[in-house]
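Start counting the sequence shown at 169; every next residue gets the next number (the numbering used here).
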Amino acid sequence: MYMAKMNLGTDHEVKERIRGYFADTTRDYLAWYGTRRHHHMHYGFDRDLPRGGSPTGNMTRYLARLAGLLPADPGRPAPRVLDAGCGMGGSSILLAREAGALCVGINLVESHARIARDFALRDAAKWGTPLETAPGATAVPAGLDRSAARFLANDYMAPAFKPESFDVIWALESFCYAPDKEAWIRAMAPLLKPGGRLLIADGFSGRPAANPAEQRSFRHFMKGWAVPHFCSFEQTVEWARHAGLETTHAENITPDVLPHAWKIFRLGPFLVPWRRLLHALGFIGEENLQNAYAIYHQYPTMKRGLWRYGAFTMKRGLWRYGAFCFRKPG
Ligand SMILES: C[S@@+](CC[C@H](N)C(=O)[O-])C[C@H]1O[C@@H](n2cnc3c(N)ncnc32)[C@H](O)[C@@H]1O
Numbered sequence: 169m170y171m172a173k174m175n176l177g178t179d180h181e182v183k184e185r186i187r188g189y190f191a192d193t194t195r196d197y198l199a200w201y202g203t204r205r206h207h208h209m210h211y212g213f214d215r216d217l218p219r220g221g222s223p224t225g226n227m228t229r230y231l232a233r234l235a236g237l238l239p240a241d242p243g244r245p246a247p248r249v250l251d252a253g254c255g256m257g258g259s260s261i262l263l264a265r266e267a268g269a270l271c272v273g274i275n276l277v278e279s280h281a282r283i284a285r286d287f288a289l290r291d292a293a294k295w296g297t298p299l300e301t302a303p304g305a306t307a308v309p310a311g312l313d314r315s316a317a318r319f320l321a322n323d324y325m326a327p328a329f330k331p332e333s334f335d336v337i338w339a340l341e342s343f344c345y346a347p348d349k350e351a352w353i354r355a356m357a358p359l360l361k362p363g364g365r366l367l368i369a370d371g372f373s374g375r376p377a378a379n380p381a382e383q384r385s386f387r388h389f390m391k392g393w394a395v396p397h398f399c400s401f402e403q404t405v406e407w408a409r410h411a412g413l414e415t416t417h418a419e420n421i422t423p424d425v426l427p428h429a430w431k432i433f434r435l436g437p438f439l440v441p442w443r444r445l446l447h448a449l450g451f452i453g454e455e456n457l458q459n460a461y462a463i464y465h466q467y468p469t470m471k472r473g474l475w476r477y478g479a480f481t482m483k484r485g486l487w488r489y490g491a492f493c494f495r496k497p498g
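Structure follows, in C-alpha cells:
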C-alpha cells in the first residue's frame, strides 16, 4: 500500500529542493499564474465566489473570516499576523489592506521576500495601506518606504521572533513544505499570544493509491511541486493538541477548490508536450518539466481522493507558564 509520505531526503535536502524548485518556477508563477497581478500562489476557492471575482482573493477572505481577521473591526488594536511561508505576499498585502493587520511575511526563498516587499510598497502607494507608525512618530506618507505588510527571509522551522508575538499565524499552502510537520507546529505555537490562532490551509493525505497508475500520478504531482509529503487531518489535530492548541475549525474544502484545480489542469495537456520538447532541446530545466507534470496530475489525484484540501484554525488557550492570563476587554 502506498503511503502519502515520500522520502526526499534530509531536512536540508528538502529545503534545497524547495529553493531549486522556486528558483526555476517563480517566473512562471508571475507570468502564467497571475501572481504579478494578484500576488497569490495558492488555489482558489469557489464557494460564494462573486461573478467575475478572484478565486484566490476569495480563498484568502474565506480563511481570514475563519481566523477572525475579517470582517475588520476598526475599534480593536491592529492584529499582528505572521505569514509563515508568505510566497510573494498575496495574503499579507490583502490582510493589511482589508483587515487592518500588521503582517510579517517570512520565506525560505529570499527572492520571494524581495518581490513581496516590492508588491506591498506598490499596493500601499495605490491604496494607502495603513502604516505601522510608533505612537507619536511622524507618519511616513503611504507607499514611500513602508507598508503594514513587511517581509523577510527566514526559515519557518527556525522563526526569528519572540514568544507571544502574534495574534494569528497564517500558513496558506506553506505547511505542506515543512520537512517535519509536527516540529513546525511545535515551533509556531509559542509565537502565538494567549488566545491567538493558527490558521492552516493546505493539501492533506487522502486514501492510499489503489494501483500503480494512481501511485505514479500522485508521485508526479508531489515531485512536480517539490512537496516532501502530506500528513493527515487527524495527525495535524493531534500534533496541535500536543503543542497546547485546541482545534476550533477543521473543514474539508476540497469541493470548493476542485473547480480551480480543474482550471489549472486544463493547461496540462498542452504544457506537458511543449515542455518536454523544450526540455529535450535544453531550453528549460528539470524543475520546469516536473512542474508541468504536477499541473496535469494535481487535479485527477485530488478528484479521486488521493489527497484533500483542508482548512484549520487552532487556538492557543489563555493559560501561560502556569499562570492564568486574563483576556483584555474589547
Ligand atoms: C505555494 S507557496 C504559497 C505562498 C503563499 N502562502 C501564498 O499563499 O501565496 C509556498 C511558499 O512557502 C515557502 N516556504 C517553503 N518552505 C519554507 C520554509 N522552510 N520557511 C519559510 N518559507 C517556506 C516557499 O518559499 C513558498 O514561497
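Ideal Cβ positions, reconstructed from N, Cα and C, are used throughout, including at glycine.
Only a predicted model underlies this, so the values are computations on that prediction, with no experimental measurement involved.
Leaving out five residues on either side along the sequence, give the residues of the same chain with a beta carbon under 6 Å from the beta carbon of residue i.
i, result
"N322", "I274, A328"
"M470", "A429"
"A346", "W352"
"K483", "R365, E414, T416"
"G392", "Q458, N459, Y461, A462"
"D192", "G453, E455, N456"
"S315", "A288, L289, A292, T297"
Do residue j and residue i have their beta-carbon atoms positioned less than 8 Å apart in this structure?
i, j, result
"A292", "G257", "no"
"S373", "G253", "no"
"R443", "A460", "yes"
"A351", "M390", "no"
"C271", "S279", "no"
"R265", "W295", "yes"
So, at 7 Å on beta carbons, what are the nonlocal neighbours of residue i in its own chain, with the 5 sequence-adjacent residues on each side left out?
i, result
"D214", "P223, D424, P427, H428"
"R229", "L238"
"I452", "R443, L446"
"T422", "M470, R476, Y477"
"F334", "R248, V249, L250, L359, L360, K361, G364"
"A377", "Y170, Q383, F386, L474"
"L262", "G225, T228"
If distances are taken between C-alpha atoms only, which option among the options comes closest to residue i?
i, options, result
"M227", "T469, Y201, A369, G202", "A369"
"F480", "P437, I337, F438, P347", "I337"
"D182", "H417, A394, K431", "The question names Asp, yet the displayed sequence has Val at residue 182. The shortest Cα separation from V182 among H417, A394, K431 belongs to A394."
"L439", "D196, A264, V272, M209", "D196"
"L486", "L359, T193, H208, G364", "G364"
"A240", "G188, V249, F334, G268", "G268"
"T404", "S385, K361, G371", "G371"
"Q458", "L263, A418, H388", "H388"
"A281", "Y211, D348, T194, G225", "T194"
"P468", "Q383, E419, P441", "Q383"
"L276", "H180, R375, P380", "H180"
"I186", "I432, C344, G212", "C344"
"A211", "I432, E402, P437, G436", "According to the sequence as given, residue 211 is Tyr; it is not Ala. When only C-alpha atoms are compared, the closest one is I432."
How long is the line joining the alpha carbons of residue i and residue j, rounded to whole angstroms?
i, j, result
"E300", "L474", "With a pLDDT of only 47 at E300, under the threshold of 50, the placement of this residue in the model should not be trusted, and no figure is reported."
"D216", "F190", "31 Å"
"P218", "W430", "18 Å"
"R409", "A288", "35 Å"
"R434", "E332", "44 Å"
"H465", "T415", "31 Å"
"P245", "I463", "41 Å"
"R507", "D286", "Here the chain covers residues 169 to 498 and nothing more, so residue 507 does not appear."
"G220", "L250", "30 Å"
"E455", "P247", "38 Å"
"G478", "R290", "32 Å"
"E184", "L198", "21 Å"
"G412", "G177", "29 Å"
"F386", "R354", "28 Å"
"G243", "L231", "21 Å"
"G450", "S400", "39 Å"
"K349", "H397", "9 Å"
"H207", "G225", "10 Å"
"R233", "A418", "14 Å"
"E406", "L320", "30 Å"
"A381", "R375", "14 Å"
"P441", "K330", "49 Å"
"A448", "P437", "17 Å"
Whose C-beta lies closer than 8 Å to the C-beta of residue i among residues of the same chain, with five residues either side of it excluded?
i, result
"A235", "V336, W338, R365, L367, T481"
"M209", "Y197, Y201, T203, G255, M256, G258, E341"
"N420", "F401, R476, Y477, G478"
"G188", "A394, E455"
"A357", "L366, A408, A411, G412, L413, R484"
Compute the minimum distance between the beta carbon of residue i and the heavy atoms of ligand 2, and state whether it is under 7 Å.
i, result
"C254", "Ligands displayed in this structure: ligand 1; ligand 2 is not among them."
Entirely within the region 381–427 and at least 4 residues each: give me those alpha helix (DSSP H) ranges in chain order. Complete alpha helix (DSSP H) runs here, min 4: 401–410.
Going along the chain, which unbroken runs of the alpha helix (DSSP H) with 4 or more residues stay wholly within the region 229–286? Listed in chain order, they are 258–267.
At 4 residues or longer, what runs of the alpha helix (DSSP H) sit wholly inside the region 302–369? Counting whole runs of 4 or more residues, the region 302–369 contains the alpha helix (DSSP H) stretches 349–356.
Whole runs of the alpha helix (DSSP H) within the region 198–227, excluding any shorter than 4 residues: If we require 4 residues or more, the alpha helix (DSSP H) runs fully inside the region 198–227 come out as 203–206.
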